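Structure first, commentary second.
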Amino acid sequence: MKYILNAYSIWEYGKRVDSDGNPHQEDCIFPAHGQQKETDRLFILCDGMGGHEAGEVASSTVCTAMSNSVFENAPDFEGDFSDDILYKAISDAFLALDELPSANVSAAKKMGTTMTFLKFHSKGCTIAHMGDSRVYHIRPGQGREDTRILFKTRDHSLVNDLIRIGELTPEEAKLSKQKNVITRAMQPNMERHPKADVYHTADIKKGDYFYMCSDGMLEQMEDENILFNFSEATGDDENKVNILTQATSQNRDNHTAIIIHILDVIDPLQVESSSSASHIVKNSPIMATVSDNLSSKEQPKESESSNASSDNIILISNGDNGYKRYYKKMKSKLGLYISMALFVLLLVLVFFVIGSKTFKNREKKREKIENPQKQTKIPIKSNNSRKTKGKDNSANNTQDMSNQENPENRSENNNSTSTQIQNNGTPSSVNQSGIVHTNAVTNGSGNNLSSTGIINKLNGENVVSSDQQTAIDVANKRNN
Numbered sequence: 189m190k191y192i193l194n195a196y197s198i199w200e201y202g203k204r205v206d207s208d209g210n211p212h213q214e215d216c217i218f219p220a221h222g223q224q225k226e227t228d229r230l231f232i233l234c235d236g237m238g239g240h241e242a243g244e245v246a247s248s249t250v251c252t253a254m255s256n257s258v259f260e261n262a263p264d265f266e267g268d269f270s271d272d273i274l275y276k277a278i279s280d281a282f283l284a285l286d287e288l289p290s291a292n293v294s295a296a297k298k299m300g301t302t303m304t305f306l307k308f309h310s311k312g313c314t315i316a317h318m319g320d321s322r323v324y325h326i327r328p329g330q331g332r333e334d335t336r337i338l339f340k341t342r343d344h345s346l347v348n349d350l351i352r353i354g355e356l357t358p359e360e361a362k363l364s365k366q367k368n369v370i371t372r373a374m375q376p377n378m379e380r381h382p383k384a385d386v387y388h389t390a391d392i393k394k395g396d397y398f399y400m401c402s403d404g405m406l407e408q409m410e411d412e413n414i415l416f417n418f419s420e421a422t423g424d425d426e427n428k429v430n431i432l433t434q435a436t437s438q439n440r441d442n443h444t445a446i447i448i449h450i451l452d453v454i455d456p457l458q459v460e461s462s463s464s465a466s467h468i469v470k471n472s473p474i475m476a477t478v479s480d481n482l483s484s485k486e487q488p489k490e491s492e493s494s495n496a497s498s499d500n501i502i503l504i505s506n507g508d509n510g511y512k513r514y515y516k517k518m519k520s521k522l523g524l525y526i527s528m529a530l531f532v533l534l535l536v537l538v539f540f541v542i543g544s545k546t547f548k549n550r551e552k553k554r555e556k557i558e559n560p561q562k563q564t565k566i567p568i569k570s571n572n573s574r575k576t577k578g579k580d581n582s583a584n585n586t587q588d589m590s591n592q593e594n595p596e597n598r599s600e601n602n603n604s605t606s607t608q609i610q611n612n613g614t615p616s617s618v619n620q621s622g623i624v625h626t627n628a629v630t631n632g633s634g635n636n637l638s639s640t641g642i643i644n645k646l647n648g649e650n651v652v653s654s655d656q657q658t659a660i661d662v663a664n665k666r667n668n
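Structural data, given as structure tokens:
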């Protein structure tokens, strides 16, 4: 990513003076106050501590050492920037603090500084800090309600730690005598170097503000005031800087700030694509005038062609190759689409054939079920035997035999009166139609005989009873 930005700074003494009564400034910024340029992509703010000839030495030492280290390891100010380069810069700053002359040992022990760091690069920006100096990322709106703080650093201070664990309220922290005690700082000859909190963001848009400030700027200023100061209601950048300067003019401590306004964000990929498109549009008329059928008289001379610009020749050639690649790609896409369409059509055809065959098979099965073949054999129904009261064995009517021979008589036989045949074979009763019905026939030994297929066992032989035959003859005569 590339950025177009403007940077401004505030660097005020406040009411702080040294032992001689002179204004005393322990804050240090990079670039120095009033020397910011549009090409700056590295910004450092340090708030020194330790009194006369101690705080300002520590803050200036860290600013100088870190900036030199970054420029040495990342010479391209808009190129890539890694955390390793940041950690190397912090390590170089600690080393520079350790190398300071220690003529006054007591002063060296008190010497220290906070550190805030902001670096814009190709992937966004990197923010790091130690102490209670802050960095804000603000996206302005029309008023305070529409303006948002996207990010702000968390103070490494004693009161902030007490607030976090619930020992103090934010209101009590403002009046606490320990509000200036910080828990992280950069000091010389430390046995263990504290780590910086690091934050990365690529969510940077046109109009955003980055606000770096020491704790002196926040004596009489809350986040609500900062939201209003960076809203569109306060006008342009110069007016915003003047408002902040006037609002902090009565602060007791040194107060320093850097205001960075993002005027525009440029994506190199978009720029490259737009430039290549402009080349094609610009040279397309030249390509249209080129003809392969020029006569020998129309061909340019070698001297004229040698005087022509080589850039134009390259553009024409590149443009022609570009069109060829474009049409080739379009043809390949068209072939792919046609192949996919044919494949889908083939699938539809296969499913149609399978479905039609399945439908025909189902129709055939349904016809077989609805129209079964007629049976050639008619089953013969047998009449149920009736039980005669008072007798162990019952016999069928002799009329059943006649019904098998003459089916028409079956309905009449149902209403006929049964006739009992005596032992001599003569019927005891005859119905009105003259048809004899015998319920039972007995042989000479007293055994009952069936009327259908009557078989008597006489001396082990199968013969027809004479009584039965007599009954049949009488029935036939009456019927005739």
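This note's numbering puts the sequence shown at residues 189 to 668.
Just so you know, even glycine gets a beta-carbon here, dropped at the ideal spot from N, CA and C.
Note that the structure is a prediction, hence the values are computed from the model and not measured.
Proximity winner among the options, relative to residue i (alpha-carbon distances)
{"i": "Val-245", "options": "Ile-353, His-221, Ser-257 and Pro-289", "result": "Pro-289"}
{"i": "Gly-331", "options": "Gly-423, His-443, Met-405 and Gly-267", "result": "Gly-423"}
{"i": "Ala-316", "options": "Val-347, Ile-351 and Val-386", "result": "Val-386"}
{"i": "Ser-197", "options": "Leu-522, Val-429, Lys-362 and Lys-298", "result": "Val-429"}
{"i": "Asp-271", "options": "Ser-247, Gly-300, Thr-301 and His-309", "result": "His-309"}
{"i": "Asp-334", "options": "Ser-255, Ser-419, Ile-392 and Glu-558", "result": "Ser-419"}
{"i": "Phe-231", "options": "Thr-252, Pro-211, Asn-377 and His-212", "result": "Thr-252"}
{"i": "Trp-199", "options": "Thr-546, Lys-548, Gln-434 and Asp-452", "result": "Gln-434"}
{"i": "Tyr-201", "options": "His-212, Ala-195 and Ala-220", "result": "His-212"}
{"i": "Ala-384", "options": "Val-369, Leu-356, Ser-321 and Glu-355", "result": "Ser-321"}
{"i": "Ile-414", "options": "Gly-395, Leu-522, Lys-552 and Arg-336", "result": "Arg-336"}
{"i": "Asp-206", "options": "Gly-238, Lys-225 and Gln-224", "result": "Gly-238"}
{"i": "Glu-379", "options": "Ile-353, Asp-286, Thr-546 and Ala-195", "result": "Asp-286"}
{"i": "Leu-363", "options": "Ile-353, Asn-348 and Asn-377", "result": "Asn-348"}
Distance between beta carbons of residue j and residue i, contact taken as under 8 Å
{"i": "Tyr-397", "j": "Ile-448", "result": "7 Å"}
{"i": "Thr-314", "j": "His-388", "result": "6 Å"}
{"i": "Gly-319", "j": "Ala-373", "result": "5 Å"}
{"i": "Ile-450", "j": "Tyr-275", "result": "Their Cβ separation, rounded to whole angstroms, is 26 Å, which puts Ile-450 and Tyr-275 out of contact at 8 Å."}
{"i": "Met-299", "j": "Ala-361", "result": "That pair is no contact at about 26 Å."}
{"i": "Ile-278", "j": "Met-254", "result": "7 Å"}
{"i": "Asn-417", "j": "Ile-431", "result": "6 Å"}
Beta-carbon spacing of residue i, residue j below 8 Å
{"i": "Glu-672", "j": "Gly-236", "result": "Lying outside 189 to 668, the shown extent of the chain, residue 672 is not represented and no answer is given."}
{"i": "Ser-437", "j": "Leu-233", "result": "no"}
{"i": "Met-676", "j": "Val-258", "result": "Missing from the structure shown is residue 676; the chain here goes from 189 to 668 and no further."}
{"i": "Met-409", "j": "Ala-445", "result": "no"}
{"i": "Gly-156", "j": "Met-189", "result": "The chain is shown only over 189 to 668; residue 156 falls outside these bounds and no answer can be derived."}
{"i": "Glu-412", "j": "Arg-440", "result": "no"}
{"i": "Gln-366", "j": "Leu-346", "result": "yes"}
{"i": "His-325", "j": "Phe-339", "result": "yes"}
{"i": "Lys-393", "j": "Val-323", "result": "no"}
{"i": "Pro-219", "j": "Asp-208", "result": "no"}
{"i": "Ala-262", "j": "Gln-224", "result": "no"}
Buried or exposed by the 16-neighbour rule on C-beta atoms within 10 Å, applied to residue i
{"i": "Pro-328", "result": "buried"}
{"i": "Gly-222", "result": "exposed"}
{"i": "His-267", "result": "Before going further, note that residue 267 is Gly rather than His in the sequence given. Exposed, by the Cβ-count rule."}
{"i": "Lys-307", "result": "buried"}
{"i": "Leu-193", "result": "buried"}
{"i": "Ala-390", "result": "exposed"}
{"i": "Asn-664", "result": "exposed"}
{"i": "Thr-301", "result": "buried"}
{"i": "Phe-269", "result": "buried"}
{"i": "Leu-535", "result": "exposed"}
{"i": "Leu-356", "result": "buried"}
{"i": "Ile-370", "result": "buried"}
{"i": "Ser-247", "result": "buried"}
Coil, strand or helix - residue i by DSSP
{"i": "Asn-664", "result": "helix"}
{"i": "Asp-349", "result": "helix"}
{"i": "Asp-441", "result": "coil"}
{"i": "Leu-274", "result": "helix"}
{"i": "Ile-446", "result": "strand"}
{"i": "Asn-585", "result": "Annotation note: pLDDT 44 at Asn-585 (below 50); position unreliable, no value reported."}
{"i": "Asp-452", "result": "strand"}
{"i": "Tyr-399", "result": "strand"}
{"i": "Glu-200", "result": "strand"}
{"i": "Ser-606", "result": "Only weak support is given to the placement of Ser-606: the predicted model assigns it a pLDDT of 39, under 50, and the value that follows is read from those uncertain coordinates. Ser-606 falls in the coil class under three-state DSSP."}
{"i": "Leu-193", "result": "strand"}
{"i": "Asp-208", "result": "coil"}
{"i": "Ala-384", "result": "coil"}
{"i": "Leu-233", "result": "strand"}
{"i": "Phe-416", "result": "helix"}
{"i": "Thr-227", "result": "coil"}
{"i": "Ala-529", "result": "helix"}
{"i": "Gly-523", "result": "helix"}
{"i": "Leu-432", "result": "helix"}
8 Å Cβ cutoff, residue i in contact with chain B
{"i": "Leu-350", "result": "In summary, chain B is missing from the structure at hand, where a single protein chain is found."}
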